[in-house]
Amino acid sequence: MSPLNRPMRSLANGLGLAWWARVQTQSPDVTYWYGPFVRRSSLQAALPDFLADLASESPAAIEHSLIRCRRTEPFTIESQS
């Protein structure tokens, strides 16, 4: 990984130009934010490993969408029932 990647991702996120994946699971009902990525293609290349890791936890369903936005903590949000 290039030493410039982290500052570039931070800058892109601060400007609202970073790519994030919003991944929602059911049973448990949790929203995960995966990112930031400077390029959509980089996110698409890394996302399958993240989804496979989540699938190993056996949720009832997994849905995701790719979004260009600015995110801050928390990156994992449990739904309140």
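All you need for this note's numbering is the position in the sequence shown, starting with 1, plus 988. Beta carbons: idealized from backbone N, C-alpha and C, even for Gly.
Quiz item: Using CA coordinates, which residue listed in 993, 1035 and 1049 is at the minimum distance from residue 1055?
Solution: If you number the sequence shown from 1, residue 1055 lands on position 67. With distances taken between Cα atoms, residue 1055 lies closest to 1035.
Exercise. Could you tell me which residues DSSP pairs with residue 1049 in its beta bridges?
Key: For the purposes of this step, residue 1049 is identified with residue 61 of the sequence shown, where counting begins at 1. 1014.
Quiz item: For residue 1038, does the three-state DSSP call read helix, strand or coil?
Solution: As a position in the sequence shown, residue 1038 is number 50, starting the count at 1. Residue 1038: helix per DSSP, three-state reduction.
Quiz item: What separation, rounded to the nearest whole angstrom, lies between the Cα atoms of residue 1047 and residue 1014?
Solution: In the sequence shown, counting from the first residue as 1, residue 1047 sits at position 59. In the sequence shown, counting from the first residue as 1, residue 1014 sits at position 26. Answer to the nearest angstrom: the Cα atoms are 6 Å apart.
Quiz prompt | Residues that DSSP places opposite residue 1000 in a beta bridge | solution = Taking the first residue of the sequence shown as 1, we reach residue 1000 at position 12. Answer is none; residue 1000 lacks a bridge partner.
Quiz prompt | Three-state secondary structure assigned by DSSP to residue 1059 | solution = Numbered from its first residue, the sequence shown carries residue 1059 at position 71. Correct three-state label for residue 1059: coil.
Quiz item: Under a three-way DSSP split, which group does residue 1005 fall into?
Solution: Counting from one through the sequence shown, the residue named residue 1005 turns up at place 17. The three-state secondary structure of residue 1005, taken from DSSP, is coil.
Quiz item: Roughly how many angstroms lie between the CA atoms of residue 1017 and residue 1066, to the nearest whole one?
Solution: Within the sequence shown, numbered from 1, the residue matching residue 1017 stands at position 29. Within the sequence shown, numbered from 1, the residue matching residue 1066 stands at position 78. For residue 1017 and residue 1066, the gap between their C-alpha atoms comes out near 6 Å.
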